[in-house]
Amino acid sequence: MKFILSVFIFTTLLSTAAISSQTILLLRHAEKMSDVKDPPLTESGHNRANCMAGWLVKQPFSKDIKVIYSSNYRRTLETAAPLATHLGVSIRLYDPRKLQGIAEELTTSGESAVIVGHSNTTPMLAGILSEQEITQMEETDYNSFWQVDSAEVTRLDQRLIGCEY
C-alpha cells in the first residue's frame, strides 16, 4: 500500500511539474505593408521576425516549444516562419475569432507554444490564458509581446532584446 501511495504522489508531482513548466509566448505579427489586402511583411517586419527567432532559440524554454500557432494571414505566417525554421517545429493554424478555443487547447495540452496573432487578439488571448486584465495594444505597437508561465503573465518589450526596427 505504501508503494502504491508513493507512486501516486511521485506521479502527481511529476504532472504538476510538467504543467507548471508550460511557457506560452504571444506575439503580434511584425510590421506589415498597409496598401494591400492580406499584406505581407515589410523589410523591417522580416528583420523583426528573424530577430525574434534568434532571441527565442536562446531562451531556456525554447527546447520545450512543440508548435507555433498562427492565424491564416500572410503577415502572421511570415512572422511565424523564421521561428518555426529555427525551432524545427510546425505552424498550426488557429482562428483568431475563437480565442477561447485556442486557450482551452493550449491549457489542455500543457505544451509550451508560440502564438502569432494581431494587435486586437494577442493581448486578449494573454488575458484569457492568465485570467488577468491585459491592456490593449495600439495599432502601431510592434514591440510588445507576452510570456505566460503557469497563468502568470509578463508583458515584454522587443526593444529590450534588440529587436526594434
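Residues in the sequence shown are numbered consecutively from 1, following the working numbering.
Don't be surprised by glycine CBs; every beta carbon is placed ideally from N, CA and C.
Proximity test, residue i beta-carbon vs the ligand PLP heavy atom, cut-off 7 Å
i, result
"Asn-47", "Of ligands this structure carries none, so the ligand PLP is not represented either."
Sub-8 Å separation of residue i and residue j beta-carbons
i, j, result
"Arg-75", "His-29", "yes"
"Asp-149", "Thr-42", "no"
"Asp-193", "Tyr-73", "The structure shown does not extend to residue 193, since the chain is modelled only from 1 to 165, so the question has no answer here."
"Leu-87", "Ile-65", "yes"
Closest Cα partner of residue i within the set the options
i, options, result
"Ser-44", "Met-137, Asn-143, Val-116, Asp-149", "Asn-143"
"Gln-100", "Glu-31, Ile-128, Glu-164", "Ile-128"
"Tyr-69", "Ser-130, Leu-27, Ser-34", "Leu-27"
"Ser-71", "Asn-47, Glu-164, Arg-97, Ala-126", "Arg-97"
"Met-137", "Ala-126, Ser-119, Gln-147", "Ser-119"
"Ser-130", "Tyr-94, Glu-139, Thr-107", "Thr-107"
Three-state class that DSSP yields for residue i in the structure shown
i, result
"Ser-21", "coil"
"Lys-66", "strand"
"Gly-117", "strand"
"Arg-75", "helix"
"Thr-85", "helix"
"Phe-3", "Any answer about Phe-3 is weak, because its pLDDT of 39 lies below 50 and its placement is not dependable; what the coordinates show is given next. In this structure, Phe-3 counts as helix in the three-state DSSP scheme."
"Glu-104", "helix"
"Gln-147", "strand"
"Met-52", "helix"
"Thr-154", "strand"
"Leu-14", "Confidence in Leu-14 is poor, its pLDDT being 39 and thus under 50, which makes the residue's placement unreliable; the coordinate value appears in the next sentence. Correct three-state label for Leu-14: helix."
"Pro-96", "coil"
Residues bridged to residue i (per DSSP)
i, result
"Ile-91", "Ile-68"
"Lys-32", "Leu-41"
"Ser-112", "Ile-65"
"Leu-27", "Val-116, Phe-145"
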